Each structure stands twice: as C-alpha cells, then as structure tokens.
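Since the structure comes first, as structure tokens, the remarks are kept for the end.
There are 2 protein chains.
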Amino acid sequence: MGKNEKISPAVIRRLPKYYRYLGELSKVGVNKISSRELSDMTGFSASQIRQDLNNFGGFGQQGFGYDVENLRNEIGKILGLDKKYKIIIVGAGNIGQAIANYTGFYEADYEVVALFDKNPKLIGLSIRNALIMDSDDLEDFLEKEHIDIAVICTPKSVCQQVAEQLVRCGIRAIWNFAPKDLKMPEEVYVENVHLNESLFSLTYYYNKMKKESE
Amino acid sequence: MGKNEKISPAVIRRLPKYYRYLGELSKVGVNKISSRELSDMTGFSASQIRQDLNNFGGFGQQGFGYDVENLRNEIGKILGLDKKYKIIIVGAGNIGQAIANYTGFYEADYEVVALFDKNPKLIGLSIRNALIMDSDDLEDFLEKEHIDIAVICTPKSVCQQVAEQLVRCGIRAIWNFAPKDLKMPEEVYVENVHLNESLFSLTYYYNKMKKESE
DNA sequence: GAAAAATCGAGAATTTTTTAACAATATTTT
DNA sequence: AAAATATTGTTAAAAAATTCTCGATTTTTC
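Top line first, the protein sequences correspond to chains F and V.
Residue numbers for the first sequence follow this note's numbering, so the first one is 4 and each next one is one higher.
Residue numbers for the second sequence follow this note's numbering, so the first one is 4 and each next one is one higher.
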C-alpha cells in the first residue's frame, strides 16, 4: 500500500518516464520486465527504479520482476492518469495553438475545452473542437464550467494578472509557458515550462563540449 | 577565476533564472543586489545563490553585494550568451512553427536559419525570415551552413532517425521536443522538453492538493 | 526435486546537494 | 574615526538522494 511519507519531486519527475517506457513495452507485447531491464532502457539505475517504486508499494515480485501492464496501471493511478481532466488555454498565440494541437494530451484523458485570447482575429476560430473565446468572457466561463487545469500562454507582461484571475475563479493547477515565475498562493500548483531557461542550459553544455573537444 | 571542478547540473539549471531576474533588475535601473534580495525574488536560499556563483568565481564584494549589470554579464558569459548561435528546426508542424516564432530567442543572439519538413504544403513558406525547406535537402544544407543547434519537432516515430542524420552532419547540440529519449553518442548534448512528462507531473500534484484539501 | 540463477524489497552506506556558521571586508551611522 | 551593520566567500554540518548489499522469494536448469 502507499506509504504516507513525503515523496521527493525527483521521484515524481521520473514516474512519467517509467510510464512511457512501460507503455511502449506493453504495445509491443512484452508483459514482464525487471528493474535491470528498465534500467537499460531508461538510463536510471535499477536500484533507483526499485527504490522509486517502493515509495508507493511493492509492485514487483521477488525472483520474477514486474508485470508490465500492471505496473503501468499502478503508475498511471499514482499520477492520476485514470481520471478525466478539462483544460483551458489562455493565450491563443503560437504556443497556445501548438499546445491546443498537441497530441500528447490524448495519451491520457485530457480535453482542451476552450482557448481565450484578446485578438479579435482569433476569437471565433476553433482548434480541434476547442473554440477560441474572448478573454473578457473567461470569468463567466469558469463560473459555469468546471476546469481542472489552465495553461498560460500569454506574453509575460500579463501572465501574473491572468494567473491571479484564474485563481480567483477557482483554478488550482497552472501549466505556465510564459517566461516568468508566477507568485501564487500555496494552494495553487504551478508547473513551469520555461523554454528560454531550457535553451540557455543547452547553450552552456554545447559550449562546454566544444571547449572540451578542442 | 573559474574553478575546474565539475559543476552540478542543478547549478546550471539555476543560472538562467538568475540571469533573467538580473535582467529585469537592470531594466528598472537597480544596480546593486544582495544574495538575500535575490533570494527573496527567486525563492532560492541566499546561501545557495552565493554557493552557486562561487562555483565560477567571486563576483560579489563582501559587505556590499553584487553589481547587477556585472553579475548578469558574468552569468551570460558562463552560459555562452555572449556568442551567436545558428539554429535549424526539423519538423515545421505546430510545435516547430511555435518555436520558430518564439521571441525568447531574441533575448540572446540566436538565429533560426531554416526549418525542414516533408509536407509539400509547408515547403517554401517562411516564418520570420526562415524558409521552410524540404527535409530531403537537410544534409546538403548542413554541409554548406554551419549550424550550432538543431531543434527536433518531428513526430516521435522519426525523431531518432532524424537525430542520427543530424549527428552524422556534425550537429552536437539537440533541443528535443519529441516525446522520446534519443539514443545519442556521448559527444552530443540533448536537452529534452518532454511536455507530456511535465503535464503528468502537474497532474500528480493537482490530485495531491485536491486530496489534501478535502 | 534439488541446486543455481534471477530478482525484488528494505535497510545501510555513500555521495551529492543544501543549509548554516562565521571570519573577512565594505558601508553606514554616530 | 570608531562602532555598528551588512554582506560576501568559504568551510563545516545537515539533509537529501542515490547506490550498495543482502536476505527472501521465485523461476529455471539439471
């Protein structure tokens, strides 16, 4: 059974990767896997994989390994992928549209219900069944519809203000693509995708490698 | 002066954030900052900030703090943001186009030189001065032009093959948006932006908070 | 069916990362 | 100009994360 200690974020970050690899295995008909084999696939150590999984309970069987389909389901349940989620996207520019079109959503039961933007040229258009609505209608919309996750794809100049509006309307989970850290109350979880930071890290390692190979 | 010990990736991940905050300070005319104040802004502990910076040398002055503009420049140099980088994007679908339009590039001297795609409807179009070219011309292009960073925005079914082609043509830095881990030789650095993993983590914490608030 | 091999789960040991403590030094106050 | 305050850089301590070890259990081999 699940233990009630605090699980480290590093563990939680690895679970989606395990989930993905197990999905691939399942798809090609593999139904048994050892931590050693998962280690070879993922690059994490076998010990770490066992340790990670044991945070949530013993899913494996000594002498045998893990049942692929079962382990995948268990990790899915831990992450909450067995449930349905409704999403809105605020900011229907390039990133917002790309996210709306993102097929990764369909790996689990995420539904993009609507997008919001201020640009009159965009309002009224649809992306994969999701209508782009006027930002002014955001609050009304959130009063009527239950939304689980809001994605912020606005320019950074307005992201804080948009986030505060979302929180006022009851949103507790934000996926933030604006290159700024949102100041939010504790009861709101923000997952940042800061592309500039990612690119800058890449740049550091690119230069480091170039220097070393000289 | 820079010490030659191995710097932990966690440190490198924090540098872009320092850089961003220092840029904001600089823009509003602040020219002195203490680790304590930076701590309040960034959420990292003052001690950690000092420790991080001292990996690369003492940029501050005891009793005084750090000169904002100077520290920003130093971090910029560490990350390599004082140089120019040429980028190509392989896969001109939603994400590829969004990245091509991404204004975060212009914070430093990154230039998107071209995009590549197989879709005839896209080939010939331009995004912000960058032409979408036929994927078949990728290798020829890379022979003629020096490219620093390649961005992979293809479907996952072809990302490994594309990556291998890029590496054959001399690419050593890959920004990977395909939801798959690339198997690459050691001399290639891959920075992954796995949106599905990010969303799954968010989902975990969303559910955790919901449970706790019940 | 006994012996060998494989594998997990759990706790111990190790390594890495973060935080704390404080001497050294600069600035500000009186 | 002396005392008080602020702040860095560095070393030490603490905490966290990872790896190692090994008993328990299952499967495979002979």
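All C-beta atoms in this analysis are idealised placements derived from N, C-alpha and C, irrespective of residue type, glycine included.
Quick caveat, the model's predicted, so the values are computed rather than measured.
Decide if residue i is buried, meaning its Cβ has at least 16 other Cβ atoms within 10 Å, or exposed.
i	result
lysine 183(V)	buried
asparagine 199(F)	buried
lysine 20(F)	buried
lysine 6(V)	Reliability of the predicted coordinates at lysine 6(V) is poor, the pLDDT of 43 falling under 50, and the value obtained from them is presented with this limitation in mind. Result: exposed.
histidine 197(F)	buried
glutamine 64(F)	exposed
valine 93(V)	buried
proline 12(F)	exposed
arginine 39(V)	exposed
threonine 106(V)	exposed
glycine 79(F)	buried
valine 165(V)	buried
leucine 134(F)	exposed
methionine 4(F)	Residue confidence is low: methionine 4(F) scores 36 on pLDDT, short of 50, so the model does not pin down where it sits. Its coordinate-derived value is still stated next. By the 10 Å Cβ count, methionine 4(F) comes out exposed.
aspartate 151(F)	buried
glycine 173(V)	exposed
glycine 99(V)	buried
phenylalanine 67(F)	exposed
arginine 131(F)	exposed
tyrosine 302(F)	Only positions 4 to 217 of chain F appear in this structure, which leaves residue 302(F) out of reach.
asparagine 179(F)	buried
glycine 32(V)	exposed
Using three-state DSSP, classify residue i as helix, strand or coil.
i	result
methionine 4(V)	Reliability fails at methionine 4(V), whose pLDDT of 35 lies under 50, so the model's placement of it is uncertain and the value that follows must be treated cautiously. DSSP places methionine 4(V) in coil when its eight states are reduced to three.
alanine 13(F)	helix
tyrosine 24(F)	helix
tyrosine 105(V)	coil
glutamate 215(F)	helix
glutamate 194(F)	strand
lysine 183(V)	coil
Identify the contact partners of residue i in chain F, using a Cβ-Cβ distance below 7 Å as the criterion.
i	result
glycine 173(V)	Within 7 Å Cβ-Cβ: nothing; glycine 173(V) doesn't reach chain F, min ~12 Å.
tyrosine 69(V)	Under the 7 Å cutoff, chain F gives no residues; its nearest Cβ is about 19 Å from tyrosine 69(V).
By the criterion of Cβ-Cβ separation under 8 Å, what are the contact partners of residue i in chain V?
i	result
glycine 83(F)	Thr206, Tyr207, Tyr209, Asn210
glutamate 114(F)	Result: empty, since nearest Cβ-Cβ is about 13 Å, beyond 8 Å.
At 9 Å on the CB atoms, spell out the chain V contacts of residue i, in chain order.
i	result
serine 216(F)	Arg175, Glu190
Under 8 Å Cβ-Cβ, which residues of chain F neighbour residue i?
i	result
aspartate 151(V)	Tyr209
phenylalanine 203(V)	Leu18, Pro19, Tyr22, Leu82, Leu84, Ala111
glutamate 200(V)	Arg16, Pro19, Lys20, Arg23
By the criterion of Cβ-Cβ separation under 9 Å, what are the contact partners of residue i in chain F?
i	result
asparagine 132(V)	Neighbours of asparagine 132(V) on chain F: none; closest Cβ ~15 Å, over 9 Å.
- [ ] Can you check the region 110-174 of chain F for any beta strand (DSSP E) of at least 3 residues that lies completely inside it and give the ranges in chain order?
- [x] Counting whole runs of 3 or more residues, the region 110-174 of chain F contains the beta strand (DSSP E) stretches 112-120, 133-137, 152-155.
- [ ] Would you list, in sequence order, the uninterrupted beta strand (DSSP E) runs of no fewer than 3 residues that lie entirely inside the region 35-87 of chain V?
- [x] Whole beta strand (DSSP E) segments, 3+ residues: 68-70.
Open item on the list: Which residues of the region 176-197 of chain F have a Cβ closer than 7 Å to any Cβ of chain V? Give them in chain order.
Closed with: So the list reads Ala176, Trp178, Pro182, Glu190, Tyr192, Glu194, Val196, given in the order they occur along the chain.
- [ ] With 9 Å as the C-beta to C-beta threshold (strictly closer), list the residues of the region 95-111 of chain V near chain F in chain order.
- [x] Answer in chain order: Gly96, Asn97, Ile98, Gly99, Gln100, Ala101, Ile102, Ala103, Asn104, Tyr105, Thr106, Gly107, Phe108, Glu110, Ala111.
Open item on the list: At a CB distance below 8 Å, what residues from the region 13-44 of chain V approach chain F? Give them in sequence order.
Closed with: Residues Ile15, Arg16, Leu18, Pro19, Lys20, Tyr22, Arg23.
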